[in-house]
Structure formats: structure tokens, C-alpha cells
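**Student:** Order-wise, the sequence lines are chains A and B.
When you read off a place in the first sequence, starting at 1, and then add 848, the result is the number in the working numbering.
When you read off a place in the second sequence, starting at 1, and then add 105, the result is the number in the working numbering.
Ideal placement from N, C-alpha and C gives every residue a C-beta, glycine not left out.
Sharing a structure below in C-alpha cells format, with a few things to ask.
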Amino acid sequence: DTGVSQDPRHKITKRGQNVTFRCDPISEHNRLYWYRQTLGQGPEFLTYFQNEAQLEKSRLLSDRFSAERPKGSFSTLEIQRTEQGDSAMYLCASSFPGTSGYEQFFGPGTRLTVL
Amino acid sequence: AQTVTQSQPEMSVQEAETVTLSCTYDTSESDYYLFWYKQPPSRQMILVIRQEAYKQQNATENRFSVNFQKAAKSFSLKISDSQLGDAAMYFCAIDGLTFGKGTHLIIQP
Chain A
849 DTGVSQDPRH KITKRGQNVT FRCDPISEHN RLYWYRQTLG QGPEFLTYFQ NEAQLEKSRL
909 LSDRFSAERP KGSFSTLEIQ RTEQGDSAMY LCASSFPGTS GYEQFFGPGT RLTVL
Chain B
106 AQTVTQSQPE MSVQEAETVT LSCTYDTSES DYYLFWYKQP PSRQMILVIR QEAYKQQNAT
166 ENRFSVNFQK AAKSFSLKIS DSQLGDAAMY FCAIDGLTFG KGTHLIIQP
């Protein structure tokens, strides 16, 4: 266990529905990242926060995706009007900048299946 | 844009032997970090080893070591004395934001 938790671990939804995932990072970590991982692929960066500020968003993050990190603690990732192509594992990671680089601690992921 | 290429989708090694996983990357940055992460089946991804680009000395962590060739933009991972618990997907990453597609490492008893 890395100390990063995600909820739910699995989500099955019907196409067109909205879903929301939650990530709780390690408490002293000020950076939080979201990735999408499909089968047989590496994690694809979606967005990251430093404290409550969303500093970077990937082109993969369409307008149906929104992420928040109120108060710089936990974060939520919402997908509106889900599509079958959104089916993937959504990973969250957190880090604290230091002399060892931005080592990221990953959560277990939320597996989304869109029917 | 940064890119990471792992050219070996799958590698197999006998237990107790040594295996090397390849990674090449591209970046316009002069200062960056390189990482190898391990993702066991159905388990969380964890850091194996990291390398700071400005350090010429190759990083080592117990049985894990890297061969970092900055000019060639190459960052390979060597696992010595392979153990059954090393079986996993291994991902190379630059600055923690760009990951390769991974190498599936199989350990044969």
C-alpha cells in the first residue's frame, strides 16, 4: 500500500451517464496527478494539481472531463456523458517535490467500464 | 514534447539470471529525471529506481541498476539475480509525466 487511495475501485456505467472518481493523496504531498491507462499501455497523463491549482491539462482531457482539488487535499475526476472509449483504468498519484525528483506514489486505480 | 519508447513488449528470464530492459526517450529539456516503475498484476505501481539527468553516475538500488547514456538518450534497467516477485509490467518514465508502453517481465522458475 503506497498510502494513496482511490474510490471506487470499480465502476460500471451505461453510455451517456456521468461518473465521478475520488483520490485521496498522501497528506503532505502537494502535487496530485491523474492518468488513464488502457490495457497493454502505459499511463497517459491527464492533468495535475499543485495544491488546489490545476497547472497542466493534457489534450486527452476533453471538455467532458473535469478535475478539481478543493483545499488542496483530495481530488475528484468527473466524466460527463460517458462513452465506450472512456473505459479504462484511471490512476491517481501524488508527490512532494524534493531533492529526489518528483517520485510519484500511485493509488490502486479506478477501473471504469462503460456499457 | 517528451516521448518514451520501450521496444520490448515482453521479456522472459530464468530465476536467478540477469535481464536488461530497454528504454529510449526524447526531450528538449537539459535537466530532467528518469524513472523505472513496476506494476505487479492487480497491484499498485511502485518506484523501482530513479536517475537525475545531471548525474553521470548510474543509479543502483540493491539488485536494480540503470545504464544511463545521456547523449544517446538511453535509460536501460538491469535486474540481477531475478526473483519470482520481479514478475510485473515495467514502465520507463521521464519527469513522471510521460510513460512508455511498458515491458512485461516473466520470470521462469
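What are the start and end residues of the beta strand (DSSP E) that includes Ser914(A)?
**Tutor:** Here residue 914(A) refers to the residue found at position 66 of the first sequence. Unbroken beta strand (DSSP E) run through Ser914(A): 913 to 916.
**Student:** Flag this pair as yes or no: are the beta carbons of Leu210(B) and Ala198(B) separated by less than 8 Å?
**Tutor:** By one-based count along the second sequence, residue 210(B) stands at place 105. By one-based count along the second sequence, residue 198(B) stands at place 93. Against a cut-off of 8 Å, the Cβ pair of Ala198(B) and Leu210(B) comes out as no contact.
**Student:** Please go through the same chain and pick out, in chain order, the residues whose beta-carbon is closer than 6 Å to the beta-carbon of Tyr881(A), but skip the five residues on each side of it.
**Tutor:** The sequence position of residue 881(A) within the first sequence is 33, counting from 1. Cβ within range, chain order: Tyr896, Ala941.
**Student:** For Ser147(B), I'd like the list of residues in its chain whose CB is within less than 8 Å of its CB, leaving aside the five on either flank, ordered along the chain.
**Tutor:** Mapped onto the second sequence, residue 147(B) falls at position 42. Within the same chain, Ser147(B) has no close Cβ partners at all.
**Student:** Which one or two residues does DSSP pair with Phe897(A) in a beta bridge?
**Tutor:** Translated into the one-based positions of the first sequence, residue 897(A) becomes position 49. DSSP lists Leu880(A), Gln902(A) as partners of Phe897(A).
**Student:** On the three-state DSSP scale, how would you describe Gln119(B)?
**Tutor:** Residue 119(B) sits at position 14 when you count from the first residue of the second sequence. Gln119(B) falls in the strand class under three-state DSSP.
**Student:** Here's a check: name, in chain order, each residue in its chain whose Cβ is nearer than 6 Å to the Cβ of Glu926(A), leaving out the five neighbours to either side.
**Tutor:** What you label residue 926(A) is simply residue 78 of the first sequence in a count that begins at 1. Correct list, in chain order: Thr868, Ser914.
**Student:** Taking DSSP as the reference, what is the three-state secondary structure of Gln174(B)?
**Tutor:** Stepping through the second sequence from its first residue, residue 174(B) is reached at position 69. Strand, per DSSP.
**Student:** Looking only at its chain, what residues have a beta carbon closer than 7 Å to the beta carbon of Thr129(B), apart from the 5 residues adjacent to it on each side?
**Tutor:** Position 24 of the second sequence holds residue 129(B). Correct list, in chain order: Thr110, Lys178, Ser179.
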